[in-house]
Amino acid sequence: MRASIAVLAILAVVTVCPASADLPTTGGPSAGRTITVDDDGAADFSTIQAAIDDSNDGDTVLVADGTYTGDGNRDIDFHGKAITVKSENGPETCIIDCNGTEYVGHRGFYFHSGEDANSAIIGFTITNGYADDGGGLYCIWSSPLVESCRFVGNRASSGYGGGVRSLAGEGALRNCAISDNTAAICGGGIALYNCRMRIENCIIFGNTAERYYGGGIYLAQCGSQVRNCTVVGNFAGQRGGGLRVEGDVVVTNCIIRGNTAVGYPAYAEISSADSSAAVSVAYSNIEGGYSGMGNIDVDPCFAEAGCWDSNGTPDDVNDDFFIPGDYHLKSQGGRYDPNSQTWLTDEVASPCIDAGDQMSPIGLEPFPNGGRVNMGAYGGTAEASKSYFGEAPCETIVAGDINGDCSVNFLDLRIMALHWLWVGGDTPVNSNSIVKDCIEYYMQTDKSVYRLGENVEMLYRVTNLGDEDVTFRFGNLQQCYFEVNDGETPVWGWPQRVNPAISFGTLRPGESMSYYKLWSMLSDSGVLIIPGIYYVSGELISASVEASCTDGPLQDSVSVAIEVIP
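Heads up: take any position in the sequence shown, counting from 1, add 35, and you land on the working numbering.
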């Protein structure tokens with residue numbers, strides 16, 4: 036079997052994950068008691084499970100530095116409690132060693148009691164898990180928040196999800212590193228089924244799906260979003276070395292490169308099982324190229340690219356191992372170095388800097404940031420590489436200089452105009468929108484004038500502008516409908532499917548649901564349209580909304596005009 040160097044000390048030096056116990060989080064319940072855990076010192080409890088068993092909703096279990104092993108520190112179960120379990124100082128110094136074997140299986144965490152985002156684990160390294168499915172973490176009908184964690188060297192011995200496995204839930208996986216995990220079937224790093232889990236700002240590398248699909252990530256019947264992730268150096272026995280999709284998914288601001296699929300090398304990076312599935316990839320760097328708005332295919336210029344080592348047997352891939360790298364982006368303007376914890380400058384600048392979706396929030400990116408988020412796992416974080424404009428950054432920040440090029444000019448005005456009157460969340464570009472109470476619905480195309488026969492790239496997005504959660508419920512597979520009209524005459528329509536068949540999506544304040552589609556300028560009857568003015572629209576299908584900020588019906592149909600010229 037292929038493996039990666041699973042030495043925790045190496046990971047600590049590389050610091051592949053922008054993880055810290057002090058990072059701001061978006062989940063977790065309201066404040067309650069703080070219950071301490073230390074297996075070698077004065078604390079309330081010596082095991083994590085004992086502290087959880089003593090907790091109540093709203094409590095925090097704070098775990099001291101150390102390596103936690105044995106009963107009470109593996110197969111950890113929240114029992115449905117809305118609590119936060121977090122390390123004191125981050126995953127580098129707080130390790131859950133499951134000590135699982137083929138004879139006695141153990142994993143790190145098991146969620147199965149309907150937990151939601153108010154149940155959170157933050158800042159652990161989870162290693163040496165061994166289970167049929169979900170070697171490091173297993174969720175079923177649960178939606179926890181998993182943040183700033185590392186899943187290293189875990190195994191799903193007969194199934195799916197070497198690092199993480201989730202069934203029929205939502206939840207989020209944020210700011211995590213998933214490496215050197217193995218699944219016998221699919222999803223070496225992550226496997227999701229019938230699930231809407233969001234995967235954000237994660238680094239997924241050196242994972243293996245031995246028999247079939249999804250060396251890095253395997254998504255089946257999911258309406259998941261993969262945003263600002265770096266997926267590199269993963270291996271699949273058949274297809275989808277980086278990402279395997281068997282359903283609908285939105286991929287944005289990601290870097291997916293250097294993955295391997297032995298059975299079908301042409302599908303090394305992204306593989307889709309169903310041509311009718313809504314695999315929407317945008318503003319991402321995909322090796323070999325991938326159709327979609329803002330996608331590129333170039334060397335990302337990592338600080339240090341990881342690589343597979345043949346282990347002295349180039350004809351035998353089964354004993355290869357992956358040497359991890361540093362996936363910060365090179366920049367002449369400044370790149371964070373995790374080894375020295377300082378900012379360095381390079382002779383080149385990565386083309387992934389300032390190349391993400393213009394609608395995505397910049398987040399914590401340091402100045403100068405170009406007014407646009409970077410691609411990859413560090414985009415939108417405090418470790419994002421800085422923008423470069425041909426000379427050293429300004430010593431003094433000039434008022435009105437939004438992009439950081441030391442000048443206040445039309446470029447800054449353009450950025451301000453794109454975001455004008457925007458309240459929060461992902462920011463629209465050249466879109467028509469409707470705001471109903473706390474909800475904004477908007478529609479965008481990649482440009483306004485097209486040559487006949489060009490592809491029209493469409494985006495429809497719904498955003499929660501309020502201060503409380505908003506839940507949308509859908510009655511069937513089809514959640515969004517794209518339509519093109521010539522005046523009032525329908526020309527083309529497409530119902531966008533999102534699994535599961537009866538589903539709901541909860542948007543926290545500032546969050547969005549996005550739907551992408553490509554139109555080839557063919558009518559529903561398969562005939563190429565003629566030049567003229569057309570109206571492209573999007574709307575939700577069979578949806579209802581639950582929110583305290585609105586009591587009226589959805590007002591979600593939004594259209595934008597495009598011109599088609601000869």
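Where a beta carbon is used, it is the ideal one built from N, C-alpha and C, also for glycine.
In whole angstroms, what is the alpha-carbon distance linking Gly-282 and Ser-307? By one-based count along the sequence shown, residue 282 stands at place 247. By one-based count along the sequence shown, residue 307 stands at place 272. Cα to Cα, Gly-282 sits roughly 8 Å from Ser-307.
Just reading off the beta strand (DSSP E) that Ile-597 is part of, what are its end residues? For the purposes of this step, residue 597 is identified with residue 562 of the sequence shown, where counting begins at 1. Its beta strand (DSSP E) spans residues 593-600.
When you compare the CB positions of Gly-268 and Gly-241, do they come within less than 8 Å of one another, or not? The residue labelled residue 268 in the question sits at position 233 within the sequence shown. The residue labelled residue 241 in the question sits at position 206 within the sequence shown. A contact, by the Cβ cut-off of 8 Å.
Taking the continuous alpha helix (DSSP H) assigned at Gln-273, which residues delimit it? Looking up residue 273 in the sequence shown gives position 238. Annotation for Gln-273: no alpha helix (DSSP H) segment contains it, and DSSP assigns it neither H nor E.
Sort Ile-600, Met-556, Tyr-570 by Cα distance to Val-484 and report the nearest one. Numbered from its first residue, the sequence shown carries residue 484 at position 449. It is Ile-600.
Residue closest to Glu-127, alpha-carbon to alpha-carbon, out of Gly-194, Thr-380, Gly-158, Ala-434: In the sequence shown, the residue the question calls residue 127 occupies position 92. With distances taken between Cα atoms, Glu-127 lies closest to Gly-158.
Cα-Cα separation, Gly-415 to Arg-407: Sequence index remark: in the sequence shown, residue 415 carries index 380 (1-based). Sequence index remark: in the sequence shown, residue 407 carries index 372 (1-based). Rounded to whole angstroms, Gly-415 to Arg-407 spans 9 Å at the Cα level.
Give me the Cα-Cα distance between Cys-515 and Leu-575, rounded to the nearest whole angstrom. For the purposes of this step, residue 515 is identified with residue 480 of the sequence shown, where counting begins at 1. For the purposes of this step, residue 575 is identified with residue 540 of the sequence shown, where counting begins at 1. Taking the straight line from one Cα to the other gives about 4 Å.
Applying the criterion that 16 or more other CB atoms from any shown protein chain within 10 Å of the CB defines a buried residue, is Ser-326 buried or exposed? One-based indexing of the sequence shown puts residue 326 at position 291. Here Ser-326 is exposed: its Cβ has fewer than 16 other Cβ atoms, across all protein chains shown, within 10 Å.
How is Val-408 classed by DSSP in three states: helix, strand or coil? Here residue 408 refers to the residue found at position 373 of the sequence shown. Assigned with DSSP and collapsed to three states, Val-408 falls in coil, not helix or strand.
According to DSSP, simplified to helix, strand and coil, what is Gln-260? Along the sequence shown, one-based indexing puts residue 260 at 225. If DSSP states are grouped into helix, strand and coil, Gln-260 belongs with the strands.
How would you write the range of the alpha helix (DSSP H) that Ala-155 sits in, first residue to last? Locating residue 155 in the sequence shown gives position 120, where the first residue counts as 1. Counting along the chain, no alpha helix (DSSP H) covers Ala-155; the unbroken beta strand (DSSP E) around it starts and ends at 155-157.
In three-state DSSP terms, what is Tyr-318? Here residue 318 refers to the residue found at position 283 of the sequence shown. Three-state DSSP puts Tyr-318 in coil, outside helix and strand.
Looking at Gly-194 and Asp-167, is the spacing between their C-beta atoms short of 8 Å? Here residue 167 refers to the residue found at position 132 when the sequence shown is read from its first residue. Here residue 194 refers to the residue found at position 159 when the sequence shown is read from its first residue. Result yes, Cβ atoms of Asp-167 and Gly-194 sit closer than 8 Å.
Assign Tyr-413 to one of three DSSP states: helix, strand, or coil. Locating residue 413 in the sequence shown gives position 378, where the first residue counts as 1. In the three-state reduction of the DSSP assignment, Tyr-413 falls in the coil class.
Nearest to Gln-531 by alpha carbon, out of Pro-300, Gly-258, Ala-226, Leu-278? Position 496 of the sequence shown, counted from the start, is the residue given in the question as residue 531. Ranked by Cα distance from Gln-531, the options Pro-300, Gly-258, Ala-226, Leu-278 are led by Gly-258.
So who's on the other strand from Ala-212, going by DSSP bridges? One-based indexing of the sequence shown puts residue 212 at position 177. BP columns for Ala-212 point to Arg-185, Ile-238.
Could you tell me the distance, in whole angstroms, from the CA atom of Gly-298 to the CA atom of Ile-238? Position 263 of the sequence shown, counted from the start, is the residue given in the question as residue 298. Position 203 of the sequence shown, counted from the start, is the residue given in the question as residue 238. Distance between Gly-298 and Ile-238, taken at the CA atoms: about 24 Å.
Closest residue to Gly-196 among Leu-487, Gly-272, Ile-252 (Cα-Cα distance): The count along the sequence shown starts at 1 and reaches residue 196 at position 161. Cα-wise, what sits closest to Gly-196 is Ile-252.
Nearest by alpha-carbon distance to Ala-212: which of Asp-100, Ser-549, Tyr-362, Glu-598 is it? For the purposes of this step, residue 212 is identified with residue 177 of the sequence shown, where counting begins at 1. Looking from the CA of Ala-212, the closest CA among Asp-100, Ser-549, Tyr-362, Glu-598 belongs to Tyr-362.
Residue ranges of each beta strand (DSSP E) within the region 340-369, 3 or longer: Listed in chain order, they are 342-344, 356-358, 361-364.
Cut-off 8 Å between Cβ atoms - residues of its own chain near Asp-504, not counting five sequence neighbours on either side: Taking the sequence shown and counting its residues from 1, the one referred to as residue 504 is at position 469. The answer, listed in chain order, is Thr-541, Leu-542, Arg-543, Pro-544, Ala-582.
To the nearest angstrom, report how far apart Val-571 and Arg-231 are at their CA atoms. For the purposes of this step, residue 571 is identified with residue 536 of the sequence shown, where counting begins at 1. For the purposes of this step, residue 231 is identified with residue 196 of the sequence shown, where counting begins at 1. Roughly 27 Å between the two C-alpha positions.
Starting from Ala-578, trace the beta strand (DSSP E) in both directions and tell me its first and last residue. Counting from one through the sequence shown, the residue named residue 578 turns up at place 543. In this chain, the beta strand (DSSP E) harbouring Ala-578 covers 578-581.
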